[in-house]
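K.L.:
Pasting a structure here, questions to come.
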Amino acid sequence: MEMNYNVENNSASLHTGKTLTSWTICDQFISNWGKSNGFGVIKDKVVKKGVEIRRRTYICEHGRKYTCKSAKETSTKKILCPWHVNASCPKVNNPDSAIFINKIVDEHNHDLSVEAVKFREDKKFNDEMVRDIQFMTDHCKIGATAQRRYLEGKYPSQPIYSQDLYATIKKFRPTAKSLSNDAAQMSDWLDEQKERDSR
Ligand SMILES: [Zn+2]
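Last residue of the sequence shown: number 199 in UniProt numbering, and the count goes up by one each step with no gaps.
Structure below.
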């Protein structure tokens, strides 16, 4: 039956020889597989021919070497987990450009926690918050401290983690250094929002 063939994304199985229909689906599949097993997946080394991706390695979030400044961070992050998956999209005998899982090293050197991954997902900003951050960053040049105060006021049930906020701000303003904490701009923006919200 033709239909069953498409059930390849069934999250249960990640095995050598598995095929996926595109890199996007492969990325998503492996990321979800990691999440449901209690760890985050990072896209690591990639080999390209022109614009086409030929090979990709996925590693565990704890699999990357960090060059840390603080000794405290070093002890928690620099554990170099061996988990990795190699996938490839061979050029030969592969008319549909399928992605093949070639190698899986399914070992970790740390505890896995589905709850911790779930928690990280929960604390991520929703789309509206990201739009607010983009607006405040791009348009108003508001600094992180003021943005945080604004977000806490507008989304009282959402914990605002500085790390996440900085990361999101950076996305819109790679040189976060130039952020100013202009109080006047902030209050204009707040007034606008109050007007908008009371409509
Ligand atoms: Zn790991």
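Beta carbons are placed, not taken as given, at the ideal position from N, Cα and C, and that holds for glycine.
1. Using a Cβ-based criterion (distance less than 6 Å to any ligand heavy atom), does H84 qualify as near ligand 1?
2. Need the endpoints of the beta strand (DSSP E) that D164 sits in, please.
3. Over what stretch of residues does the alpha helix (DSSP H) that includes K118 continue unbroken?
4. On the DSSP bridge list, what partners appear for I59?
5. In this structure, how does DSSP classify V51 when only helix, strand and coil are distinguished?
6. Alpha carbon to alpha carbon, how far is D164 from L151?
7. DSSP on K103, reduced to helix/strand/coil?
8. Quick check on DSSP: helix, strand or coil for L151?
9. State yes or no: is the C-beta of F39 within less than 7 Å of the C-beta of C60?
10. Reducing DSSP to helix, strand and coil, say where T21 ends up.
11. Cβ of H62 versus every heavy atom of ligand 1: is any distance shorter than 6 Å?
P.N.:
If we stick to the structure as given:
1. Not so, every heavy atom of ligand 1 lies at least 6 Å from the Cβ.
2. Going by DSSP, D164 is part of no beta strand (DSSP E) but of the alpha helix (DSSP H) stretching over S162 to F172.
3. In the DSSP annotation of this structure, the continuous segment of the alpha helix (DSSP H) that includes K118 starts and ends at V114 to D122.
4. The secondary-structure analysis by DSSP pairs I59 across a beta bridge with I42 and H84.
5. Looking at V51 - three-state DSSP - the assignment turns out to be coil, as it is neither helix nor strand.
6. D164 and L151 have their C-alpha atoms spaced approximately 12 Å apart.
7. Reduced to three states, the DSSP call for K103 is strand.
8. It is helical.
9. Yes, the pair counts as a contact, with Cβ atoms nearer than the cut-off.
10. Residue state for T21 is assigned as coil, using DSSP reduced to three classes.
11. Between ligand 1 and H62, a heavy atom-to-CB distance of less than 6 Å is present.
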